[in-house]
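*Asks:* I'd like to ask some things about the structure below.
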Amino acid sequence: MKFVSSREIRVNPKPVFDAAGEGDEVVITSRGKPVALLVGVSGDDLEETVRLFRRARAQAAVSRMRGAAAREGLAGMDETAIEAEVAAVRSERAAR
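For what it's worth, the numbering used here labels the leading residue of the sequence shown as 88, then goes sequentially.
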């Protein structure tokens, strides 16, 4: 995995795109923080790559939510308790 600043890409993009095209994952940073991931794709596997990426991102989000629920003691809630919690949050948002 390679880290490249957004400024580097503006100044000299060719090596960055070459690295991605050769199979390296390139993390693009702005002010030292990661903001994007650049990966090489081909026309043959573009749709499959996007589908797999979206699936992995969704799985990571579910894992984060499960972890947060476990930390907050919400992992053992039954359906009625979940519905009550959702209703409370919706009421709070409507009151804003």
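Every residue gets a Cβ at the ideal spot worked out from N, C-alpha and C, and that includes glycine.
Just so we're clear, the structure is a prediction, and the values are computed from it rather than from any experiment.
Between the region 141 to 157 and the region 119 to 127, do at least 3 Cβ pairs fall closer than 8 Å?
*Replies:* no
*Asks:* With 16 other CB atoms within 10 Å as the buried threshold, where does V149 fall?
*Replies:* As a working note, residue 149 is residue 62 in the sequence shown. Exposure of V149 is indicated by the presence of fewer than 16 other C-beta atoms within 10 angstroms of its C-beta.
*Asks:* Could you tell me which residues DSSP pairs with I115 in its beta bridges?
*Replies:* The residue given as residue 115 occupies position 28 in the sequence shown. For I115, which the question treats as bridged, DSSP gives the partners V91, A123.
*Asks:* Mind checking which residues open and close the alpha helix (DSSP H) that includes R180?
*Replies:* Counting from one through the sequence shown, the residue named residue 180 turns up at place 93. Taken as a continuous stretch (DSSP letters only), the alpha helix (DSSP H) holding R180 covers 166 to 182.
*Asks:* Mind checking V98: buried by the 16 CB within 10 Å criterion, or exposed?
*Replies:* Locating residue 98 in the sequence shown gives position 11, counting from the first residue. It counts as exposed.
*Asks:* Which residue marks the beginning of the alpha helix (DSSP H) containing V137, and which one marks its end?
*Replies:* For this step, residue 137 is matched to residue 50 along the sequence shown. First-last of the alpha helix (DSSP H) with V137: 133 to 158.
*Asks:* In its own chain, which residues sit with a C-beta less than 8 Å from the C-beta of A107, not counting the 5 before and 5 after it?
*Replies:* By one-based count along the sequence shown, residue 107 stands at place 20. Cβ within range, chain order: V113, L125, V126, G127.
*Asks:* Terminal residues of the continuous alpha helix (DSSP H) containing A107?
*Replies:* If you number the sequence shown from 1, residue 107 lands on position 20. Run containing A107: 100 to 108, per the alpha helix (DSSP H) assignment.
*Asks:* Within 10 angstroms of its Cβ, does V91 collect 16 or more other Cβ (buried), or is it exposed?
*Replies:* The residue you call residue 91 lines up with position 4 of the sequence shown. Buried, by the Cβ-count rule.
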